[in-house]
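Below is one structure, written out as structure tokens; the observations come after it.
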Amino acid sequence: MARPGLPTPRWGARVAARAGAGQARLTRRIAFGALVVALAATGTGCVSLPQEKTGKAPVWSPASADATSTFLRTYDEVTRRAAAGRNDKLITSVESGPLLQASQAEFQIAKRLDPDNKKPASAPTHTGSKVYLPKFQKYPVWFFTVSSTGEAARPTVGLVLRPRAGALWKKAVSVDLDEGVDLPPLATRDGAAVDVSQETGGTLVRPPSKVAIAYAALLADGPTAPQARAFEPHTQTTRSQQATAQNKSQSSAFSYNQKFEVTSVRALATTDGGGLELFTLAETENLAMKTGSLKFERTDAVAAYTGVAAPTAFLRTNWVWQVAAFVPPKDQGNGKVRLLGVDRSLASAEMK
Numbered sequence: 001m002a003r004p005g006l007p008t009p010r011w012g013a014r015v016a017a018r019a020g021a022g023q024a025r026l027t028r029r030i031a032f033g034a035l036v037v038a039l040a041a042t043g044t045g046c047v048s049l050p051q052e053k054t055g056k057a058p059v060w061s062p063a064s065a066d067a068t069s070t071f072l073r074t075y076d077e078v079t080r081r082a083a084a085g086r087n088d089k090l091i092t093s094v095e096s097g098p099l100l101q102a103s104q105a106e107f108q109i110a111k112r113l114d115p116d117n118k119k120p121a122s123a124p125t126h127t128g129s130k131v132y133l134p135k136f137q138k139y140p141v142w143f144f145t146v147s148s149t150g151e152a153a154r155p156t157v158g159l160v161l162r163p164r165a166g167a168l169w170k171k172a173v174s175v176d177l178d179e180g181v182d183l184p185p186l187a188t189r190d191g192a193a194v195d196v197s198q199e200t201g202g203t204l205v206r207p208p209s210k211v212a213i214a215y216a217a218l219l220a221d222g223p224t225a226p227q228a229r230a231f232e233p234h235t236q237t238t239r240s241q242q243a244t245a246q247n248k249s250q251s252s253a254f255s256y257n258q259k260f261e262v263t264s265v266r267a268l269a270t271t272d273g274g275g276l277e278l279f280t281l282a283e284t285e286n287l288a289m290k291t292g293s294l295k296f297e298r299t300d301a302v303a304a305y306t307g308v309a310a311p312t313a314f315l316r317t318n319w320v321w322q323v324a325a326f327v328p329p330k331d332q333g334n335g336k337v338r339l340l341g342v343d344r345s346l347a348s349a350e351m352k
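Note that the sequence shown covers residues 1 to 352 in full-length UniProt numbering.
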């Protein structure tokens, strides 16, 4: 919404963004492009955190194959079929949470932009998949996957989880690492990955939950926020902050508010005492017209999702952020969190 552009959808809606492409292809990299009109903001962003903010209980209900190996073997096949047919029901058998929200939004966008499905989308194949499963008191409830995707074989880190023993697994988070980024080696203890999701006084320079909260605050409050000192610079951070500043510069034309909520945090220990963290944010933007006007390109994600190109009353969008980060150990390097990959996807939109 209030961006110098919107993410390029991972599924069929990408057809419109790739003139002459023979087939749309799912990509998990978020891309920003220019909007016809800049939106405006008044009010400051805010950040909140649910009561269960770490590994104990996700805010969604996960579940999808009988074992980790079975799940990984079937995930690619199911997502390919779901993407090609824009099948909202089928994708729920292997995805949940933020990833499912993004996929279903992209299906809706694809149906609007290519109603006859002349260029079916395809999902990438994951190769060389590895599972990093922590030990749990009763039964496995989540694990990280690391695999290669695409021709460039870029690493993708995923979170797969389930609510209880015997339930099906589902992938809830999937982040492509930035080009040239190497995954830090993960630590093991007694043959299992080491869960540090709820660490508060260990070797990490900052607890994982506070990393997620700080990043949400950094997005909401801009580059001068105190939290900026906690992170290495990242292109996605800068682009989002620039968009927010652009919105706020036109407050006479629109009434605008924005908020972020941390929805999930998981982290595994790395061999150097640091942590590999996956966290998700929910971003909500609300805009009410005053004297300003908006016009979107037909192929814009929000316009395609809603079927409205020129709202006259209000615009509300919900986004999901999926972030992979390396949290360094104490007393090592500059102590700043390094963002390894950042995905921002449309979850829903409403315009009138």
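All C-beta atoms, glycine included, are put in the ideal place defined by N, C-alpha and C.
Using a Cβ-Cβ cutoff of less than 6 Å, which residues in the same chain neighbour residue 123 once the five nearest sequence positions on both sides are dropped? Residue 123 sits at position 123 when you count from the first residue of the sequence shown. Contacts found: 26, 79, 80, 83.
Would DSSP call residue 103 helix, strand or coil? Indexing the sequence shown from 1 puts residue 103 at position 103. Three-state DSSP puts residue 103 in a helix.
Can you tell me whether DSSP reads residue 130 as helix, strand or coil? As a working mapping, residue 130 is identified with position 130 in the sequence shown. Secondary structure of residue 130 (DSSP, three-state): strand.
How is residue 77 classed by DSSP in three states: helix, strand or coil? Within the sequence shown, residue 77 is the residue found at index 77, counting from 1. If DSSP states are grouped into helix, strand and coil, residue 77 belongs with the helices.
Using a Cβ-Cβ cutoff of less than 6 Å, which residues in the same chain neighbour residue 282 once the five nearest sequence positions on both sides are dropped? For the purposes of this step, residue 282 is taken as residue 282 along the sequence shown, with counting starting at 1. Taking residue 282 as the centre and dropping the five residues before and after it, the same chain places the C-beta of 261, 263 closer than 6 Å to its C-beta, in chain order.
Output yes or no for whether 8 Å exceeds the beta carbon distance between residue 356 and residue 310. This structure does not reach residue 356, given that the chain is present from 1 up to 352, and the question cannot be answered.
In chain order, what residues of the same chain have a beta carbon less than 6 Å from the beta carbon of residue 104, not counting five sequence neighbours either side? Along the sequence shown, one-based indexing puts residue 104 at 104. If we look at residue 104 and ignore the five residues flanking it on each side, its Cβ neighbours are 88.
Any contact between the region 170-182 and the region 293-305? By contact I mean 3 or more CB pairs, one from each, below 8 Å. Too few Cβ pairs lie closer than 8 Å, so no.
How would you write the range of the alpha helix (DSSP H) that residue 239 sits in, first residue to last? The residue given as residue 239 occupies position 239 in the sequence shown. Unbroken alpha helix (DSSP H) run through residue 239: 235-248.
Going by Cα to Cα distance, which pick from 318, 194, 209, 291 is closest to residue 200? Within the sequence shown, numbered from 1, the residue matching residue 200 stands at position 200. Selected option, being the one with the closest Cα: 209.
Roughly how many angstroms lie between the CA atoms of residue 357 and residue 256, to the nearest whole one? The structure shown does not extend to residue 357, since the chain is modelled only from 1 to 352, so the question has no answer here.
Looking only at DSSP bridge pairs, what is residue 155 linked to? Taking the first residue of the sequence shown as position 1, residue 155 is located at position 155. DSSP lists 148 as partners of residue 155.
Residues near residue 216 in its chain [Cβ-Cβ closer than 7 Å; skip 5 each side]: Position 216 of the sequence shown, counting from 1, holds the residue named residue 216. Hits under 7 Å: 47, 260, 262, 281.
Just curious, the beta strand (DSSP E) that residue 256 is in, first and last residue? For the purposes of this step, residue 256 is taken as the residue at position 256 of the sequence shown. 254-269 is the span of the beta strand (DSSP E), which, as asked, contains residue 256.
Compute the Euclidean distance between the alpha carbons of residue 271 and residue 324, then round it to the nearest angstrom. Residue numbering aside, residue 271 sits at position 271 when the sequence shown is read from its first letter. Residue numbering aside, residue 324 sits at position 324 when the sequence shown is read from its first letter. Taking C-alpha positions only, residue 271 is separated from residue 324 by approximately 17 Å.
Within a Cβ cutoff of 7 Å, which residues of the same chain sit near residue 225, ignoring the five residues on either side of it in sequence? What you label residue 225 is simply residue 225 of the sequence shown in a count that begins at 1. Cβ neighbours of residue 225 beyond the five flanking positions: 217, 218.
Thinking just about the alpha-carbon of each residue, which of 342, 267, 329, 330 is nearest to the one in residue 235? Here residue 235 corresponds to residue number 235 of the sequence shown, with the count starting at 1. Checking every option, the nearest Cα to that of residue 235 belongs to 342.
Spatial distance of residue 127 from residue 303 (CA atoms): Residue numbering aside, residue 127 sits at position 127 when the sequence shown is read from its first letter. Residue numbering aside, residue 303 sits at position 303 when the sequence shown is read from its first letter. For residue 127 and residue 303, the distance between alpha carbons rounds to 35 Å.
Using the Cβ count rule (16 or more neighbours within 10 Å means buried), how would you classify residue 73? Position 73 of the sequence shown, counted from the first residue, corresponds to residue 73. Label assigned to residue 73: exposed.
Three-state secondary structure (DSSP) of residue 174: As a first step, residue 174 is located in the sequence shown; it is residue number 174 there, counting from the start. Judged by DSSP in its simplified three-state form, residue 174 adopts strand.
Compute the Euclidean distance between the alpha carbons of residue 250 and residue 286, then round it to the nearest angstrom. As a working mapping, residue 250 is identified with position 250 in the sequence shown. As a working mapping, residue 286 is identified with position 286 in the sequence shown. Rounded to the nearest angstrom, the two C-alpha atoms are 14 Å apart.
Would you kindly work out how many angstroms separate the C-alpha atoms of residue 230 and residue 163, rounded to a whole number? Position 230 of the sequence shown, counting from 1, holds the residue named residue 230. Position 163 of the sequence shown, counting from 1, holds the residue named residue 163. Straight-line Cα distance between these residues: approximately 33 Å.
Pick from 190, 144, 316: whose alpha carbon is nearest that of residue 265? Start at 1 with the first residue of the sequence shown, and residue 265 comes out as number 265. Ranking the options by Cα distance to residue 265, first place goes to 144.
Is the distance from the Cβ of residue 111 to the Cβ of residue 86 below 8 Å? Here residue 111 refers to the residue found at position 111 when the sequence shown is read from its first residue. Here residue 86 refers to the residue found at position 86 when the sequence shown is read from its first residue. Contact flag set, yes.
On the premise that residue 98 lies in contact with residue 214, defined as a C-beta separation below 8 Å, what is that separation, rounded to the nearest angstrom? Numbered from its first residue, the sequence shown carries residue 214 at position 214. Numbered from its first residue, the sequence shown carries residue 98 at position 98. Not confirmed; about 19 Å, so no contact.
Unbroken alpha helix (DSSP H) run spanning residue 308, endpoints: Residue numbering aside, residue 308 sits at position 308 when the sequence shown is read from its first letter. Premise fails: residue 308 is in no alpha helix (DSSP H) and is neither H nor E.
Give the secondary structure of residue 386 by DSSP, where H, G and I count as helix, E and B as strand, and everything else as coil. Outside the displayed range of the chain (1 to 352) lies residue 386, so it cannot be described from this structure.
Since residue 197 sits in a beta bridge, which residues does DSSP pair it with? Within the sequence shown, numbered from 1, the residue matching residue 197 stands at position 197. For residue 197, which the question treats as bridged, DSSP gives no partner whatsoever.
Do you know how far the Cα of residue 274 is from the Cα of residue 39? Along the sequence shown, one-based indexing puts residue 39 at 39. Along the sequence shown, one-based indexing puts residue 274 at 274. Here the model assigns residue 39 a pLDDT of 35, short of 50, so the residue's position is not dependable, and the following value carries that caveat. If you take the alpha carbons of residue 39 and residue 274, they lie about 39 Å apart.
Report the CB separation of residue 327 from residue 101 in whole angstroms; it is logged as a contact under 8 Å. Here residue 327 refers to the residue found at position 327 of the sequence shown. Here residue 101 refers to the residue found at position 101 of the sequence shown. In fact, because the Cβ distance is near 25 Å, the residues do not count as touching under 8 Å.
C-alpha gap between residue 242 and residue 93, whole angstroms: As a position in the sequence shown, residue 242 is number 242, starting the count at 1. As a position in the sequence shown, residue 93 is number 93, starting the count at 1. So the two alpha carbons sit approximately 38 Å from each other.
Can you grab the Cα-Cα spacing for the pair residue 306 / residue 194, in whole Å? Locating residue 306 in the sequence shown gives position 306, counting from the first residue. Locating residue 194 in the sequence shown gives position 194, counting from the first residue. If you take the alpha carbons of residue 306 and residue 194, they lie about 43 Å apart.
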